[in-house]
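Presented below is the structure to which this report refers.
Chains as they are written, first to last, in the working numbering: chain A, 2 to 155; chain B, 8 to 303.
Take a look at the structure:
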């Protein structure tokens with residue numbers, strides 16, 4: 002009987018691990034990869050996670066000065082568009098909002114001085130009708146690529 | 008008959024576990040709120056991401072800075088650790104040292120630190136998470152330098168994310184603060200050999216933004232734990248030092264260069280004087296010594 006209890010417990014744990022890990026590596030998929038990143042490396046603060054559509058998920062990152070960045074935003078099919086904002090962590094002013102750019106899923110930018118910023122992601126799923134509350138849970142990914150700003154001139 | 012009942016019970020549990028797993032956790036709201044603590048969104052929740060030591064070091068180690076193994080913590084501390092908090096803090100220190108040696112292509116030294124990381128992660132119960140991705144590949148490629156370089160690079164870049172996505176954020180907060188202190192220690196001590204000391208000092212200033220994330224993430228998980236009171240007090244002093252000395256000018260602006268590309272300019276920070284730098288070095292050395300002497 003003891004063996005069965007242990008086995009049962011392991012099975013339940015395995016199920017939870019599977020659920021928690023279902024979005025692992027989502028930002029590494031092709032849908033999330035921005036174009037023309039040959040000279041870029043993947044940034045360690047890229048992130049995937051399970052989110053709830055229409056609710057905003059915020060995370061704080063450090064962007065290093067003197068670097069170019071390319072960002073790809075993705076979610077599962079049927080849940081687009083995704084709103085993405087870059088906010089100054091010091092004063093909450095908005096550096097970028099893709100709502101002003103027709104909710105494009107990729108953007109490139111350069112940062113002159115190192116700073117803390119907030120990434121805000123909202124899966125809008127504007128054409129999706131949810132069967133129940135749990136149907137709104139979906140994977141979202143933010144893939145960040147970076148490179149040192151190339152030196153210019155002669 | 009009894010045996011049949013037992014098998015039936017296990018089979019039923021297996022089916023329910025699989026059904027739950029395949030549903031992606033999409034059960035009713037009240038259940039998921041309590042069960043999916045890590046990977047489920049809360050409206051007001053904000054995550055703080057930690058730049059990896061290799062990313063921070065690539066900023067800190069400006070041109071002309073010479074490699075010195077004297078900046079790294081001695082190996083063997085991992086054998087003296089018993090408590091989880093000590094293992095996590097030392098893992099962070101060694102992770103930074105590993106990234107430092109790897110940055111300078113010191114393959115033999117990197118390998119030694121990598122082995123210590125392997126041992127500490129195993130003791131902390133996260134070895135299995137990192138095993139298939141890195142440790143197995145390391146063991147299989149000990150005599151293949153090119154493969155080792157690729158594994159080390161991959162590990163340096165992605166180990167944090169692997170730990171986060173496995174639901175070990177709290178543990179990573181402890182690992183992170185150890186790494187943050189060690190990276191600061193390496194950065195400050197490296198200034199002396201920099202070709203351009205002013206540029207090197209700016210890179211230390213840049214680390215204040217990095218420390219901000221590491222500190223706030225550590226505090227979020229550990230500030231009320233009595234066993235971390237002393238460490239919390241010490242890192243808070245460093246945090247306040249950065250806030251006081253490096254007040255930023257609120258002069259940021261966004262310049263749109265072309266379609267889908269813009270530049271965030273401005274945001275100049277104050278400079279650290281030599282006196283400030285000496286004070287910072289002293290504070291960081293003190294915390295770092297306590298970390299590797301297992302005094303916290």
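Backbone N, C-alpha and C define an ideal beta-carbon position, used for all residues, glycine too.
- Every beta strand (DSSP E) of 3 residues or more that sits fully in the segment 256-302 of chain B is shown, in chain order, as 260-265 and 268-272.
- Linking residue 59/A to residue 64/B through their CA atoms gives a straight-line distance of about 26 Å.
- When 7 Å is used as the limit between beta carbons, residue 105/A is near these residues of chain B: 267, in chain order.
- In this structure, 215/B is the residue among 155/B, 162/B, 215/B and 286/B with its C-alpha nearest to the C-alpha of residue 67/B.
- Around the beta-carbon of residue 189/B, 16 or more other beta-carbon atoms lie within 10 Å, marking it buried.
- For residue 84/B, the enclosing alpha helix (DSSP H) has its first and last residue at 84-87.
- DSSP places residue 242/B in the helix class (H, G or I) of the three-state scheme.
- Sequence-distant Cβ neighbours of residue 36/A in its own chain, meaning closer than 7 Å and more than five residues away, are 107.
- About 6 Å separates the beta carbon of residue 97/B from that of residue 185/B, a gap short enough to meet the 8 Å contact definition.
- Runs of the beta strand (DSSP E) spanning 3 or more residues and lying entirely within the segment 59-90 of chain A occur at 68-76 and 83-89, in chain order.
- Proximity of the segment 82-98 of chain B to the segment 162-174 of chain B falls short of the contact definition, fewer than three beta-carbon pairs being nearer than 8 Å.
- Contact between the segment 53-62 of chain B and the segment 60-75 of chain A is present, with at least three C-beta pairs closer than 8 Å.
- Counting C-beta atoms within 10 angstroms of its own C-beta, residue 233/B has fewer than 16 neighbours from the protein chains shown and is therefore classed as exposed.
- Excluding sequence positions up to five before and after residue 163/B, its CB lies within less than 8 Å of the CB of 59, 60, 61, 105, 106 and 109, all in the same chain and listed in chain order.
- The Cβ of residue 45/A sits closer than 8 Å to at least one Cβ of chain B.
- In the DSSP annotation of this structure, the continuous segment of the alpha helix (DSSP H) that includes residue 189/B starts and ends at 176-197.
- Beta-bridge annotation (DSSP): residue 142/A is paired with 49/A and 75/A.
- In the structure shown, residue 98/A falls within a strand segment according to DSSP collapsed to helix, strand and coil.
- Shown here, residue 122/A sits in a strand according to DSSP, grouped into three states.
- No Cβ-Cβ contact shorter than 8 Å links residue 114/A with residue 45/A.
- In the DSSP assignment, residue 162/B forms no beta bridge with any residue.
- With contacts defined as CB atoms closer than 8 Å, residue 255/B and residue 91/A qualify as a contacting pair.
- Taking a C-beta cut-off of 7 Å against chain B, the contacting residues of the segment 51-73 of chain A are 51, 52, 53, 56, 58, 59, 60, 61, 62, 63, 65 and 66, listed in chain order.
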